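This report refers to the structure that appears directly beneath it.
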Amino acid sequence: FPVESSLPEVLHNHINAEVAGGSIRNKQDAVEYLTWTYMFRRLLVNPTYYHLDDTSAEAVQQHLLSLVDATLDDLENAGCLETQEDFHVSP
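Note that the sequence shown ends on residue 89 in the working numbering; no numbers are left out.
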């Protein structure tokens, strides 16, 4: 049986650490960060597990952006980071 990524359960911790470390400075950086993860590889192979119905490039990009938006909103609401209007984030 395939092993799926556990990143979705701890995505907030990873994104927050990458923002604090300076690797993620805006939403696009966060989306690009996700494309280098095991979760992204599995997303394309087993999209249903990750709640993705359409595997077109546009749909995958939108799914990743939705994950990033929700995660950054949660982190901002928790006082962990600030998101500026130009989509830049800072610890």
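Glycine included, C-beta positions come from ideal geometry on N, C-alpha and C.
Computed from a predicted model, the values in this text were never measured in an experiment.
- Between Leu70 and Val87 the beta-carbon gap is near 6 Å, inside 8 Å, which marks them as a contact.
- For Thr35, the three-state secondary structure derived from DSSP is coil.
- In this structure Leu63 does not touch Thr53 by the C-beta definition: roughly 15 Å separates them, more than the 8 Å allowed.
- Beyond the five residues adjoining it in sequence on each side, Thr81 comes within less than 7 Å, by CB distance, of Leu70, Glu74 and Val87 in the same chain, given in chain order.
- A straight-line Cα-Cα distance of about 11 Å links Glu30 and Arg23.
- In terms of Cβ geometry, Pro89 and Ala18 form a close pair [threshold 8 Å].
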